[in-house]
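Colleague:
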Amino acid sequence: MDIEEDRRDESRPRSGEAPFDLGEVFYSRTDDRGVIQSGNYVFQRVAAYAWEELLGAPHRTIRHPDMPKALFRVFWEELNAGKVTAAYVNNRAKDGLNYWVFALVAPCKGGYLSARIKPSSKLFDRVRALYEGLLAAERAGTSIEDNARALHDGLNSLGYDDYDAFVVDAVAEELMSECRTLGIEPIVSVSGARELVVLADSILEATGQLSTEFAYLGGIPRNLQIKAARVERTDGPLSVLARNYEGMSTEMSEWFEAHVIGENTSFSSIRKTIERALLVGSVATILTRCDRQLMAEQRELGGIEINPERAMLRELQSDYISWSRQAYALVATEAGRIASSCRDMKRMLLGLDTLRVAFKIEDSRSGAGNAGIGDIIAQLAAAQERANGQRNAILESSERMSELAAEMQEPASSHLPDVLLYGPRLAPAMKAGTHQPRSAA
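Residues 1 to 441 in UniProt numbering are what the sequence shown spells out, letter by letter.
#1: Assuming contact is defined by CB atoms lying nearer than 7 Å, are residue 106 and residue 84 in contact in what I supplied?
#2: Please classify residue 221 as buried or exposed, where buried requires at least 16 other C-beta atoms within 10 Å of its C-beta.
#3: So, using beta-carbon positions, are residue 387 and residue 246 closer together than 7 Å?
#4: Take the Cβ of residue 226 as the centre, count every other Cβ of all protein chains shown within 10 Å, and call the residue buried at 16 or more, exposed below.
#5: Measure the Cβ-Cβ separation of residue 284 and residue 321 and say whether it is below 7 Å.
#6: Residue 201: buried (16+ other C-beta within 10 angstroms of its C-beta) or exposed?
#7: Taking DSSP as the reference, what is the three-state secondary structure of residue 102?
#8: Please classify residue 7 as buried or exposed, where buried requires at least 16 neighbouring CB atoms within 10 angstroms.
#9: Give me the residue from 317, 270, 269 and 272 with the minimum Cα distance to residue 286.
#10: Any heavy atom of the ligand HEM within a distance shorter than 6 Å of the CB on residue 339?
#11: Return the Cβ separation of residue 443 and residue 352 in integer angstroms, given the expectation that the two are a contact with Cβ distance under 8 Å.
#12: If you draw a straight line from the C-alpha of residue 297 to the C-alpha of residue 290, how long is it?
#13: Starting from residue 85, follow its DSSP beta bridges and name the residues at the other end.
#14: Measure the CB-CB distance between residue 30 and residue 111 and report whether it falls below 7 Å.
#15: Terminal residues of the continuous beta strand (DSSP E) containing residue 26?
#16: Which residues in the same chain have their Cβ closer than 7 Å to the Cβ of residue 175, if we skip the five residues on either side of it in sequence?
#17: Using 10 angstroms around the beta-carbon of residue 55, count the other beta-carbons present and answer buried if the total reaches 16, otherwise exposed.
#18: Just to confirm the assignment, what range does the beta strand (DSSP E) spanning residue 111 have?
#19: Rounded to whole angstroms, what is the Cα-Cα separation between residue 255 and residue 344?
#20: Check this for me: beta carbons of residue 36 and residue 59, under 7 Å apart or not?
#21: Please report the distance separating the alpha-carbon of residue 419 from that of residue 18.
#22: List in chain order: all unbroken alpha helix (DSSP H) runs of 4+ residues lying wholly within the region 204–243.
#23: Tell me which residues share the same chain as residue 150 and place their Cβ nearer than 8 Å to its Cβ, disregarding the 5 neighbours each side in the sequence.
#24: Using a threshold of 7 Å, state whether the C-beta atoms of residue 206 and residue 394 are closer than that.
#25: By how many angstroms is the C-alpha of residue 173 removed from the C-alpha of residue 179?
#26: So is residue 169 buried or exposed if we call it buried at 16+ other beta carbons inside 10 Å?
#27: What number of angstroms, rounded off, separates the C-alpha of residue 444 from the C-alpha of residue 268?
#28: In the DSSP assignment, find the unbroken beta strand (DSSP E) run with residue 56 in it and report its ends.
#29: For residue 37, does the three-state DSSP call read helix, strand or coil?
#30: So what's residue 126 in DSSP terms, helix, strand or just coil?
#31: What three-state label does DSSP hand residue 77 in the structure shown?
#32: If you follow the alpha helix (DSSP H) that residue 409 is part of, which residue opens it and which one closes it?
#33: Can you tell me the Cα-Cα spacing of residue 9 and residue 166, whole angstroms?
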């Protein structure tokens, strides 16, 4: 692709949205006060400012006035807490054109790095509607503090517990939608993490049901003891079996609490760990795209030195890949531990079943069926069957989780298609070998 052809592609309308393609990614780096230190060509092209107007200017230079100030209050609170965060932002170019971005911002040495892609998900439409309400309230005199609370309330109404939960879901939604719209396979780091979240939720649901069954199984033997006392002497065989069953079911319930869902396990935080891995893995993927698209650009970047910028991007990418690997390794280990516990639980459930069969035999031998003991034994059989089904569900989900989390430790950035690595404008030429990246300054 020659320069003249690319200039024709960059022709801008007189009003409306600035040209910005799905699949492109642009970034800018600021100091800790939000003053622009560097960026790539896509950033400068879309904003339509000269480099001398951008470098050294506050990042709010490109902010659209129709953005609620409360968003940036919340946004900076997240950044000041050292978090990776994200937001949908409407910007305004120098020529008055607007452009919406999904901005993912991460702390870096000396400040912050912001990478932006074109939003395309259904969530984007819902968030814009939320912004409209916040902006109207702001113009009616609502304080930034009250509007920030209204932002959190609005996100709660969309199903998010807090801003962090919104960020994780928004990152996944936008990256999945981008791939879907471009007609390419979803990024494994996102689709795989989404599957892990589903598996974690299914395990959580099944463990809750299993805990309920254990409580139920622990209560039934008391009824058996009451009924047994009516048909046999004190400490008769049915009463002894009932006490043994109660003791074994209580022991198994306590074991389940200690080894699967208790405070001394990582189970309670496994979903948060997956979400963290999804976020940092997505950051690594987007940083790879920033690096490749920066490498492929042929224009001067206002005196910005390419090599130090690329080195910084690669260093950050390496850090986030490392954090992602550590998180997925923890998930794989925890899921494997849960699976092992479920296999141990099978032996315990078989022990309960042996006692239940002994109940049935003794009930038949003693002729005490008219006491209703047979009905209670049938209840035990049904509850044990449900418990075993839930155990099997937990085992199946945890085995799949362990396997998938192990696979996810390989960075997805090594399998990105050219349209994401170089953007839709340069990808065909890069693939054909007709485009030569510029030499680093």
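Glycine is no exception: its CB is placed at the ideal position from the N, C-alpha and C atoms.
These figures come from a predicted structure and were not determined experimentally.
Modeller: Put simply:
#1: yes
#2: buried
#3: no
#4: The C-beta of residue 226 has fewer than 16 other C-beta atoms within 10 Å across all chains shown, which makes the residue exposed.
#5: yes
#6: exposed
#7: strand
#8: Low local confidence applies: a pLDDT of 43 at residue 7 is under 50, so the model's placement there is unreliable, and no value is given.
#9: 317
#10: With respect to the ligand HEM, the structure shown offers nothing to examine, as it has no ligands at all.
#11: There is simply no residue 443 to check, as the chain begins at 1 and stops at 441 in what is shown.
#12: 11 Å
#13: 105
#14: yes
#15: 25–31
#16: 187, 190 and 282
#17: buried
#18: 111–117
#19: Their Cα atoms are separated by approximately 10 Å.
#20: yes
#21: 20 Å
#22: Segments of the alpha helix (DSSP H) lying fully in the region 204–243: there are none.
#23: 70, 133, 134, 137 and 142
#24: yes
#25: 10 Å
#26: So residue 169 ends up on the buried side.
#27: Look at the range of the chain in this structure, 1 to 441, and you will see that residue 444 is not part of it.
#28: First-last for residue 56: undefined, no H or E at that position.
#29: strand
#30: helix
#31: In this structure, residue 77 counts as helix in the three-state DSSP scheme.
#32: Where residue 409 is concerned, there is no enclosing alpha helix (DSSP H), given that its DSSP letter is neither H nor E.
#33: Note on residue 9: pLDDT 48, under 50, position unreliable in the model; the coordinate value appears next. Residue 9 and residue 166: Cα-Cα distance of roughly 35 Å.
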